[in-house]
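Residue numbers (the UniProt record's numbering): 1 to 475.
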């Protein structure tokens, strides 16, 4: 009598044929019993395959993933998406790799992955977001680099082209994974990543919230949700928020949060180039992109990093029909050889270029300083700003009173009097209003009311640029 017993993924396979036993050693780790195919119905086979796919690499590997503070791929998808909304395809597909070493006579590395190409083709068509939740090295880093936003998880995600071992062998530099490509490095130093979150759960929940600010494609208008925050709400605290002394700092975030719906502001790149603030909020339920100088850091001066940060954000908003609000308090571009040698002229031009080419509604509020070329760059009337307001504390001028007087009246003894005269004549919002550079001088507490009204009027704005294959931004 012939009987057959088959163990798959077992320590051995035992075949009983005509009373003879043959044992074949197998180098596998886990043993399980697989019943004869003839004993199973088609549905049972499907269920077994499906359950095996759901378990993935097995409970042991799932536990190991959890010990590292990470969720599994399926857990991440379940947390990110609406409950029971995920429909999976190709569940039964398996890998076909058999040799994980370098195959004989194949000493070339070829790249068949067209992922980066797809990123480029989708750029400006649909929003693209990368969430780095583990190591990402080598050529794989270019796909997230091409997306619109890159988020990371603290302590568990890494981005680098060459790892610490390669760096050590080539440059003899000792560096850890975290120092080389961790979340802190890329959110605060390199500017590669836009935000970092505490853990997988925190990252996925924030990503769900972030989705709500974005349209699905470039064919959709800026999203509008139900709003319970009155559009005509006054913000009395704004009337006294700007210090009387122009050298005193204040927090631009306080102004932004006071004006937007429910004080909800999703800041982008909060730890990089802190002298400029960018992020998403809602005004009367409508998604808006916000750009603002930050007087608390470097007096709000524009430099290389802040110009690039602002330009990238403005271009995203313009690509996806998101109106732009700009809050201006800028004394100029940061001076110094490091900035000049680093190409501040070219990089500063990126921000000017981004605002100038943008065709979405653009509303600008000058809260205090608007000096020189930096004033021009920050969504001024000269760059097709739709509505430009000034607060009573605004100073629209070539430069500050002290610097101007030192140049104009150099060597003269009555500079204090000349400085007071300069302030009276130029360092206030009225000369700009007379020349039409601002549309109105408004009471700060009414800013939210004015912006909400203007956004409603501008919601039907249609503006196009001259036809071209593409513009040539000064990269």
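Quick reminder that beta carbons are idealized off the backbone N, C-alpha and C, glycines included.
By the neighbour-count criterion, in which a residue is buried when 16 or more other Cβ atoms sit within 10 angstroms of its Cβ, residue 153 is buried. By the criterion of at least three beta-carbon pairs nearer than 8 Å, the stretch 261 to 274 is not in contact with the stretch 342 to 361. In summary, residue 369 is buried, with 16 or more beta-carbon neighbours lying within 10 Å of its beta-carbon over all protein chains present. Residue 439 sits in coil when the DSSP states are folded into three classes, being neither helix nor strand. Here the C-alpha atom of residue 203 lies approximately 32 Å from the C-alpha atom of residue 235. Residues of the same chain with a CB within less than 6 Å of the CB of residue 191, apart from the 5 flanking positions on each side, are 272 in chain order. In the three-state reduction of the DSSP assignment, residue 422 falls in the helix class, which pools H, G and I. Scanning 119, 127 and 363 for the CA closest to the CA of residue 386 turns up 363.
With 16 or more other Cβ atoms inside 10 Å of its own Cβ, residue 294 counts as buried. A distance below 7 Å between beta-carbons, with the five flanking residues on each side excluded, links residue 135 to the following residues of its chain, in chain order: 158. The beta strand (DSSP E) runs of length 3 or more contained entirely in the stretch 121 to 206 are, from start to end of the chain, 129 to 132, 135 to 137, 149 to 153, 158 to 160 and 195 to 197. DSSP places residue 252 in the uninterrupted alpha helix (DSSP H) bounded by 252 to 259. Under the three-state reduction of DSSP, residue 289 is assigned to strand. Around the beta-carbon of residue 448, 16 or more other beta-carbon atoms lie within 10 Å, marking it buried. Here the C-alpha atom of residue 249 lies approximately 44 Å from the C-alpha atom of residue 469. If you draw a 10 Å sphere on the C-beta of residue 141, you find 16 or more other C-beta atoms in it, and that means buried.
Residue 300 sits in a helix when the DSSP states are folded into three classes. Judged by their CB atoms, residue 132 and residue 150 are nearer to each other than the 9 Å cut-off. Taking every protein chain shown into account, the CB of residue 243 has fewer than 16 other CB atoms within 10 angstroms, so this residue is exposed. Residue nearest to residue 316 within the set 354, 299, 83 and 286 is 354 (criterion: CA-CA distance). If you look at residue 79, you'll find it in the alpha helix (DSSP H) that goes 73 to 80. A buried status is given to residue 213, since no fewer than 16 other beta-carbon atoms sit within 10 Å of its beta-carbon. Between residue 352 and residue 376, the CB-CB gap stays under 9 Å. For residue 251, the CB contacts under 6 Å within the same chain, skipping 5 residues up- and downstream, are 296 in chain order. Counted as a single uninterrupted DSSP element, the stretch harbouring residue 278 is not any alpha helix (DSSP H) but the beta strand (DSSP E) occupying residues 276 to 283.
Put simply, the stretch 460 to 469 does not touch the stretch 392 to 412. Fewer than three CB pairs are less than 8 Å apart. Rounded to whole angstroms, residue 193 and residue 303 show a C-alpha spacing of 19 Å. With contacts defined as CB atoms closer than 9 Å, residue 229 and residue 262 qualify as a contacting pair. Rounded to the nearest angstrom, the Cβ distance from residue 314 to residue 281 is 15 Å, too far for a contact under 8 Å.
If you look at residue 368, you'll find it isn't in any alpha helix (DSSP H); it sits in the beta strand (DSSP E) that goes 362 to 371. Annotation for residue 389: the continuous beta strand (DSSP E) segment containing it runs 387 to 390. Under the three-state reduction of DSSP output, residue 264 falls in the coil class, being neither helix nor strand. For residue 326, the enclosing beta strand (DSSP E) has its first and last residue at 324 to 330. Taking the Cα of residue 53 as reference, the smallest distance to any Cα among 442, 285, 74 and 308 is reached at 74. Boundaries around residue 405 are those of the alpha helix (DSSP H), 401 to 408, since no beta strand (DSSP E) includes it. Counting the other Cβ atoms within 10 Å of the Cβ of residue 91 gives fewer than 16, which makes it exposed.
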